[in-house]
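Novice:
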Amino acid sequence: MRLYNTLTRTEEAFTPGPGNTVRIYTCGLTVYARGHIGNFRSFVCADVLRRTLRHLLGYHVKQVVNFTDVDDRTIAGAEQAGLPLRPYTDQFIAAFHEDARALGLEAVEETPRATDEANLKAMADLVAALDQKGLTYRSDGSVYFRIAALPGYGRLARLDIEGMKAGARVDSDTYEKENARDFVLWKAAKPGEPAWDVVEPPGRPGWHLECSAMALRLLGEPPIDIHTGGVDLIFPHHENEIAQSEGATGKPFSRFWMHVEHLLVDDQKMSKSLGNTYTISDVVAKGYRPSGVRYLLLSAHYRKQLNFTWAGLSQAEQSLQRLADCLSRAERVIGEGAHPEIAARVEEAREAFSAAMQDDLNTAGALGAMFELVRALNSAIDAGQFGRGDLPVVRSAFEGFDRVLGILSLRRAEDDEPPVPVADIDRLIEARHAARRRRDFAEADKIRDDLSARGILLEDSAGATRWKRK
RNA sequence: GGCGCCGUCGCCAAGUGGUAAGGCAGAGGUCUGCAAAACCUCCACCCCCGGUUCAAAUCCGGGCGGCGCCUCCA
479 MRLYNTLTRT
489 EEAFTPGPGN
499 TVRIYTCGLT
509 VYARGHIGNF
519 RSFVCADVLR
529 RTLRHLLGYH
539 VKQVVNFTDV
549 DDRTIAGAEQ
559 AGLPLRPYTD
569 QFIAAFHEDA
579 RALGLEAVEE
589 TPRATDEANL
599 KAMADLVAAL
609 DQKGLTYRSD
619 GSVYFRIAAL
629 PGYGRLARLD
639 IEGMKAGARV
649 DSDTYEKENA
659 RDFVLWKAAK
669 PGEPAWDVVE
679 PPGRPGWHLE
689 CSAMALRLLG
699 EPPIDIHTGG
709 VDLIFPHHEN
719 EIAQSEGATG
729 KPFSRFWMHV
739 EHLLVDDQKM
749 SKSLGNTYTI
759 SDVVAKGYRP
769 SGVRYLLLSA
779 HYRKQLNFTW
789 AGLSQAEQSL
799 QRLADCLSRA
809 ERVIGEGAHP
819 EIAARVEEAR
829 EAFSAAMQDD
839 LNTAGALGAM
849 FELVRALNSA
859 IDAGQFGRGD
869 LPVVRSAFEG
879 FDRVLGILSL
889 RRAEDDEPPV
899 PVADIDRLIE
909 ARHAARRRRD
919 FAEADKIRDD
929 LSARGILLED
939 SAGATRWKRK
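Sequential numbering of the first sequence, starting at 479, is according to this note's numbering.
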């Protein structure tokens, strides 16, 4: 497939590593709050990358998604909540898993957290290696990375180090550093804050250190194949990960860097500091569905900013319903036989879908291919040119699409938990039938309206009445 | 100030040199007790101005507008 690489700022042909395995590191959440749907945009896109590699291309994937469970915000949050760091961050990790399930993210192979003992040990080893290469210095109890000692620093972000000195904003603790751009590997322990003595002097990890250490520990020999994250991580986070990893190992850190553009709200970045965030539970509380969010996130290319609106989410749910309806309609066809044109049309859609996904994960194009097939299938059903013999090939195609996009199965799972008990729905449909038989349409319409108000839509057809969730 | 991305129908969104996919919404029609769903029909010359080319939404130059990064950030 073709994949855009931030390192080269071009689309490149992607090939897997040895054993047809793709090793991916995805920068995860800092667990001081519940992740918002902007955060989840990058996870959903990484999920689609993963699914494409596995289910469309047949590669093996080993993916690490980390939790940053120690930093200024988690420490401050824990203190405010009167909890130790672990239990405090545990609750947001649990919330992440809940939201990830709601959004249909495939389980990844590893979800390490920074304060796991093995990871702290790996960080200490990394610092030691950097010490040995002369890439560190200590100042006021902290360990810093000396970027002047590493040629090539700034390559990912395309920084002009010389040109940046004038007028650049500087950290508040710059005076402790040799160079304003140097970054902290290991932070000095402060009274009352968590500290570990794996590094001398004792303290806690700097933000960037954990990702390098965990990636190298869990994914093995660099370079890893793909590193993913939001565009806001390009600098300084990913630049510094590269500096640490390549400084320590002398080898390239990652072959590909994939960066997901921001989700916007009112044309501004959705971020906790701006206070314009929505979480999955906010979305559900407003009566929308996680499957709609997933669809919405996939309806635009991952390298383009996407402006979140409630109207947009409604449109996404409508669109997704059209896809779901087509499949359930096909499954209800009772006519016998199979039609070669159907198989041919399905094959055409599969090819278009696959080509779009392999073209730098063009999910919008892939959805377009699905909708074109939907229209063709609906027309064939209307014309009586679709039989039960056509169903297997159609079902298999939709399953193939959905293994990659993960939207239909998600919606179906939601449908299986309707807001009104199924027994009640069935009873009301039966009552409405009786009303219709005696041509009491007022009563029939009342039942339908009542159910509609409770989130259940009724559709009459020749034989029977079907219900579905709104 | 430096770097980068983007501007396609009312809304969302593909397409990046060969004459504008798709979805939502809307209009008319078929079907229906009425709806819903579905189908059919209709609905854009791509921010502006120059240039290159037989040919540009697509390439180049200049504007205008929006966003992001340069500080914590998916």
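Positions of the beta carbon are idealized from the N, C-alpha and C atoms, including for glycine.
In the DSSP assignment, what residue or residues form a beta bridge with isoleucine 502?
Specialist: Taking the first sequence and counting its residues from 1, one reaches residue 502 at position 24. In the DSSP output, where bridge partners are listed per residue, isoleucine 502 has Gln541 and Ile704.
Novice: Could you spell out where the alpha helix (DSSP H) holding tryptophan 685 opens and where it closes?
Specialist: As a position in the first sequence, residue 685 is number 207, starting the count at 1. From DSSP, the alpha helix (DSSP H) with tryptophan 685 extends over 685-697.
Novice: Three-state secondary structure (DSSP) at alanine 491?
Specialist: The residue you call residue 491 lines up with position 13 of the first sequence. Strand.
Novice: Identify the continuous alpha helix (DSSP H) that holds methionine 601 and give its terminal residues.
Specialist: Mapped onto the first sequence, residue 601 falls at position 123. Its alpha helix (DSSP H) spans residues 595-610.
Novice: Within 10 angstroms of its Cβ, does proline 683 collect 16 or more other Cβ (buried), or is it exposed?
Specialist: As a first step, residue 683 is located in the first sequence; it is residue number 205 there, counting from the start. Flag for proline 683 reads buried.
Novice: What three-state label does DSSP hand leucine 637 in the structure shown?
Specialist: Residue numbering aside, residue 637 sits at position 159 when the first sequence is read from its first letter. Of the three classes helix, strand and coil, the one that applies to leucine 637 here is coil, per DSSP.
Novice: Compare the beta carbon distance of leucine 697 and valine 542 with 8 Å and say whether it is the shorter of the two.
Specialist: The residue labelled residue 697 in the question sits at position 219 within the first sequence. The residue labelled residue 542 in the question sits at position 64 within the first sequence. Yes, Cβ-Cβ distance for leucine 697 and valine 542 is below 8 Å.
Novice: State the Cα-Cα distance for the pair alanine 627 and phenylalanine 521, rounded to the nearest angstrom.
Specialist: The sequence position of residue 627 within the first sequence is 149, counting from 1. The sequence position of residue 521 within the first sequence is 43, counting from 1. Each residue's alpha carbon lies about 34 Å from the other.
Novice: Rank Leu851, Val548, His779 and Asp760 by C-alpha distance to the C-alpha of aspartate 838 and give the top, closest one.
Specialist: For the purposes of this step, residue 838 is identified with residue 360 of the first sequence, where counting begins at 1. It is His779.
Novice: Given this structure, state the Cα-to-Cα distance separating leucine 663 from isoleucine 625, to the nearest angstrom.
Specialist: As a working note, residue 663 is residue 185 in the first sequence. As a working note, residue 625 is residue 147 in the first sequence. Cα to Cα, the separation comes out at about 12 Å.
Novice: Three-state secondary structure (DSSP) at leucine 805?
Specialist: Indexing the first sequence from 1 puts residue 805 at position 327. Three-state result, leucine 805: helix.
Novice: Which two residues bound the contiguous beta strand (DSSP E) that contains alanine 666?
Specialist: Within the first sequence, numbered from 1, the residue matching residue 666 stands at position 188. First-last of the beta strand (DSSP E) with alanine 666: 661-666.
Novice: My output table needs one value for serine 654: the three-state DSSP class, helix, strand or coil.
Specialist: As a first step, residue 654 must be located in the first sequence, where it is residue number 176. Correcting the residue identity first, residue 654 is glutamate in this sequence and not serine. Residue state, collapsed to three classes: helix.
Novice: Just the C-alpha distance for alanine 607 and glutamate 656, rounded to the nearest angstrom, thanks.
Specialist: Position 129 of the first sequence holds residue 607. Position 178 of the first sequence holds residue 656. Spanning the two alpha carbons is a distance of roughly 20 Å.
Novice: Please list, in chain order, all residues of the same chain as glycine 645 whose beta carbon is under 6 Å from its beta carbon, the five residues on each side excluded.
Specialist: Counting from 1 along the first sequence, the entry for residue 645 is found at position 167. Because glycine 645 sits at a pLDDT of 39, beneath the cut-off of 50, its placement in the model cannot be relied upon, and the following sentence gives the value as read from the coordinates. Excluding positions up to five away in sequence, the list is empty.
Novice: Let me check understanding here. Comparing Cα to Cα, which of Ala726, Asp803 and Glu724 lies closest to glutamate 937?
Specialist: Position 459 of the first sequence, counted from the start, is the residue given in the question as residue 937. It is Asp803.
Novice: For alanine 827, I'd like the list of residues in its chain whose CB is within less than 6 Å of its CB, leaving aside the five on either flank, ordered along the chain.
Specialist: One-based indexing of the first sequence puts residue 827 at position 349. Ala847 and Leu851.
Novice: In the structure shown, what three-state DSSP assignment does arginine 564 receive?
Specialist: In the first sequence, the residue the question calls residue 564 occupies position 86. Of the three classes helix, strand and coil, the one that applies to arginine 564 here is helix, per DSSP.
Novice: Compute the distance between the beta-carbons of lysine 747 and histidine 740, then report whether it is under 8 Å.
Specialist: The residue labelled residue 747 in the question sits at position 269 within the first sequence. The residue labelled residue 740 in the question sits at position 262 within the first sequence. Closer than 8 Å, so yes.
Novice: Taking C-alpha atoms, which residue in His911, Asp703, Glu829 and Pro565 lies nearest to asparagine 483?
Specialist: As a first step, residue 483 is located in the first sequence; it is residue number 5 there, counting from the start. Ranking the options by Cα distance to asparagine 483, first place goes to Asp703.
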